[in-house]
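Chains as they are written, first to last, in this note's numbering: chain A, 1 to 149; chain B, 150 to 298; chain C, 299 to 447. Comments concern the structure below.
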C-alpha cells in the first residue's frame with residue numbers, strides 16, 4: 001500500500017457520491033413509472049420534470065465536484081477535502097429533495113453546494129500554488145505551516 | 150515507471166470507454182442529419198429521440214463508472230476491475246444498439262450495466278475496507294488472502 | 299511531495315476546465331433570468347436553447363476530456379498533454395461563445411475541440427502502448443526516444 005493510503009478518504013467520498021448519483025437515476029426511473037412517462041420522453045407532469053432536472057443538474061456538477069475534491073485532497077489536505085466532500089453530498093441531498101417538492105425548494109441545497117465547491121476550489125488553488133512553488137522554486141509553504149502547529 | 154504500471158489496464162479501459170462515448174456523440178450527430186433535427190433542438194422523430202436519450206443515459210453514468218472502476222482497480226485488483234470494465238463497455242454497446250431500435254430494446258444491456266456496476270461497487274467497498282483496516286489498524290486482509298492462493 | 303509533482307500541470311488544467319464548466323452553468327442560469335425560463339423548463343427562446351445546449355454539450359464531453367488529458371499526461375508527457383488541455387479549454391470557449399450567437403457559430407470551436415481530443419487520444423495511445431511494452435516485455439521506447447534528444 002503506497003499512494004492508496006493517502007487517498008482512501010477521497011475514494012470513500014467519491015464512492016458515496018457515485019452511489020448517490022446512481023440512486024438519483026433510480027428515482028428518475030421511479031418517477032417515470034409513477035407519472036407514466038415512457039422513455040425516451042423527458043417531459044410530463046411538473047413533479048416528474050423537477051425530479052428529472054434535479055438529477056440532470058447533479059450529473060452536470062459531478063465531474064466538477066470530483067476534480068475539485070481530488071485536487072484539494074491531493075495537493076492540500078485529504079481530511080479537509082473529504083469533509084467538504086461530505087458537505088457537498090449532504091447539500092446535494094437537500095437540493096434534490098427540495099427540488100422534487102418545488103422549484104424554489106432547490107435553492108437552500110444549491111447555495112450549500114456552491115459554498116462547498118468554492119471552499120474546495122480555494123483549497124485546491126492553495127495546494128497547487130504550493131506544489132508549483134515546491135516544484136520550480138523548491139519552497140514548501142504547507143510543510144512549514146504544518147510545522148508551526 | 151512507478152504507479153503507472155499498476156494502473157495501465159484501468160487507463161486502457163477508461164480510454165476505450167471514452168472513445169465509446171465520443172462515438173455515441175457522433176451517432177447522435179448522424180441521427181440529427183438523417184432526421185433533419187437541427188441544433189439546438191433535441192426533439193424529433195422517435196428514432197432520433199431514442200438515440201439522443203441513449204447517449205444521454207451513457208453520459209449520466211460515465212463518471213459513476215469511472216469512479217467505481219478506479220476505486221475497485223486501485224484498492225482491490227486491477228485485473229478484475231478492468232475485466233468488469235470491459236463487461237460494462239460491452240453492456241453499454243448492447244444498451245445503445247437496443248435503445249436505438251426500440252425503447253424496450255435498452256433493457257437487456259441496461260441490466261448487464263447494473264450488474265457490472267454493482268460488482269465493481271462490491272470490489273471497491275471490499276478494497277477500501279481493507280485499505281482502512283490497513284491504514285488505521287495495520288491489518289491487511291487482501292494480502293493474507295493473496296498469500297493463501 | 300511524490301507523484302503530485304508529476305501531475306501538477308494536469309491538475310491545473312483540470313481545475314481551469316472545472317471552473318469553465320461551472321461558469322457555463324452560471325451563464326445558463328443568467329440566460330434563464332434574461333429570457334424568463336423558469337426551472338425545471340429547458341425550452342424557451344432560441345438564444346436560451348442554444349446557450350443550454352452549448353453547456354450540455356460541454357458537460358457530455360468533460361469526462362471524455364479528463365480521461366484523455368490524464369492518460370496522455372501520465373503515460374506520455376505531462377507538459378504536452380497540459381498544453382493540449384489548454385487548447386481544449388480555448389476551443390470550448392470559442393464553441394460556447396459561437397453557439398450562443400448562432401447554431402452555425404459553434405462549428406469552428408467544435409472542430410478545434412475534436413482536434414485537441416484526437417491529439418490527446420494519439421498521445422495517450424502511444425504512452426499506454428509504451429507502458430504495456432514496459433510492463434510485459436520490459437522495453438521502454440519513450441525513454442529511449444527521450445535519450446536521443
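No residue lacks a Cβ here, since even glycine has one placed at the ideal position from N, Cα and C. All of these numbers come straight from a predicted model, not from anything done at the bench.
Cα-Cα separation between residue i and residue j, rounded to whole angstroms
i, j, result
"residue 112 of chain B", "residue 173 of chain B", "No answer is possible for residue 112 of chain B: the residues shown for chain B start at 150 and end at 298."
"residue 236 of chain B", "residue 262 of chain B", "8 Å"
"residue 107 of chain A", "residue 195 of chain B", "34 Å"
"residue 434 of chain C", "residue 154 of chain B", "10 Å"
"residue 35 of chain A", "residue 48 of chain A", "7 Å"
"residue 78 of chain A", "residue 247 of chain B", "42 Å"
"residue 51 of chain A", "residue 394 of chain C", "27 Å"
"residue 431 of chain C", "residue 424 of chain C", "11 Å"
"residue 243 of chain B", "residue 408 of chain C", "28 Å"
"residue 188 of chain B", "residue 27 of chain A", "29 Å"
"residue 119 of chain A", "residue 62 of chain A", "16 Å"
"residue 421 of chain C", "residue 130 of chain A", "28 Å"
"residue 121 of chain A", "residue 80 of chain A", "12 Å"
"residue 358 of chain C", "residue 60 of chain A", "8 Å"
"residue 190 of chain B", "residue 340 of chain C", "11 Å"
"residue 403 of chain C", "residue 100 of chain A", "36 Å"
"residue 352 of chain C", "residue 143 of chain A", "42 Å"
"residue 299 of chain C", "residue 22 of chain A", "No answer about residue 299 of chain C holds up, because its pLDDT of 36 lies below 50 and its placement is not dependable."
"residue 219 of chain B", "residue 401 of chain C", "37 Å"
"residue 443 of chain C", "residue 354 of chain C", "41 Å"
Where the alpha helix (DSSP H) through residue i begins and ends
i, result
"residue 345 of chain C", "344-373"
"residue 306 of chain C", "306-332"
Beta-carbon proximity of residue i to residue j, cut-off 8 Å
i, j, result
"residue 448 of chain C", "residue 68 of chain A", "For residue 448 of chain C there is no data in the structure shown, the boundaries of chain C being 299 and 447."
"residue 363 of chain C", "residue 415 of chain C", "yes"
"residue 141 of chain A", "residue 306 of chain C", "no"
"residue 178 of chain B", "residue 186 of chain B", "no"
"residue 371 of chain C", "residue 380 of chain C", "yes"
"residue 330 of chain C", "residue 356 of chain C", "no"
"residue 115 of chain A", "residue 20 of chain A", "no"
"residue 85 of chain A", "residue 13 of chain A", "yes"
By the 8 Å beta-carbon criterion, what residues does the region 103-120 of chain A contribute toward chain C? 103, 106, 117
According to a CB-to-CB cut-off of less than 9 Å, which residues of the region 355-382 of chain C neighbour chain B? 355, 357, 358, 359, 360, 361, 362, 363, 364, 365, 366, 368, 369, 372, 373
Chain-ordered residues of the region 184-201 of chain B with a beta carbon less than 8 Å from chain C: 187, 188, 189, 190, 191
So if I threshold CB-CB distances at 8 Å, which residues from the region 162-173 of chain B count as touching chain C? 163, 164, 166, 167, 168, 170, 171
Please list the segments of the alpha helix (DSSP H) lying wholly inside the region 373-404 of chain C, counting only runs of 4 or more residues, in order along the chain. 376-399
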